[in-house]
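Following numbering that gives the first Met the number 0 from start to finish, the sequence shown increments by one per residue and tops out at 63.
Ideal placement from N, C-alpha and C gives every residue a C-beta, glycine not left out.
Comments concern the structure below.
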Amino acid sequence: MKTNESFTYEELNTIYHALHDAMTLVNKEDDLTREEKEYIKNDLRDVAHKVMLKMEAHEDANSY
Numbered sequence: 000m001k002t003n004e005s006f007t008y009e010e011l012n013t014i015y016h017a018l019h020d021a022m023t024l025v026n027k028e029d030d031l032t033r034e035e036k037e038y039i040k041n042d043l044r045d046v047a048h049k050v051m052l053k054m055e056a057h058e059d060a061n062s063y
């Protein structure tokens with residue numbers, strides 16, 4: 000398993016987009032209540048935000 004620091008920008012970008020795809024799929028799931036969907040999407044958003052911060056750190060490190 001990789002540590003957070005060992006992901007490339009491209010890998011982080013793939014993870015970020017996969018999280019957003021997962022949110023879309025959660026919205027389409029009929030077996031979940033609205034509350035369950037929101038709970039799952041909030042967790043996915045939290046992780047996506049952390050991934051985005053890592054991507055920004057990569058961009059900042061490469062801009063110097």
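Query, Result
"Own chain residues within Cβ distance below 6 Å of residue 11, not counting five before or after", "50, 53 and 54"
"Own chain partners of residue 8 with C-beta closer than 7 Å, once the 5 adjacent residues on each side are dropped", "54 and 57"
"Residue nearest to residue 14 in terms of C-alpha spacing, selected from 47, 59 and 61", "47"
"DSSP three-state assignment for residue 65, whether helix, strand or coil", "Nothing can be reported for residue 65, as the shown portion of the chain is limited to 0 through 63."
"Which of helix, strand or coil DSSP assigns to residue 31", "coil"
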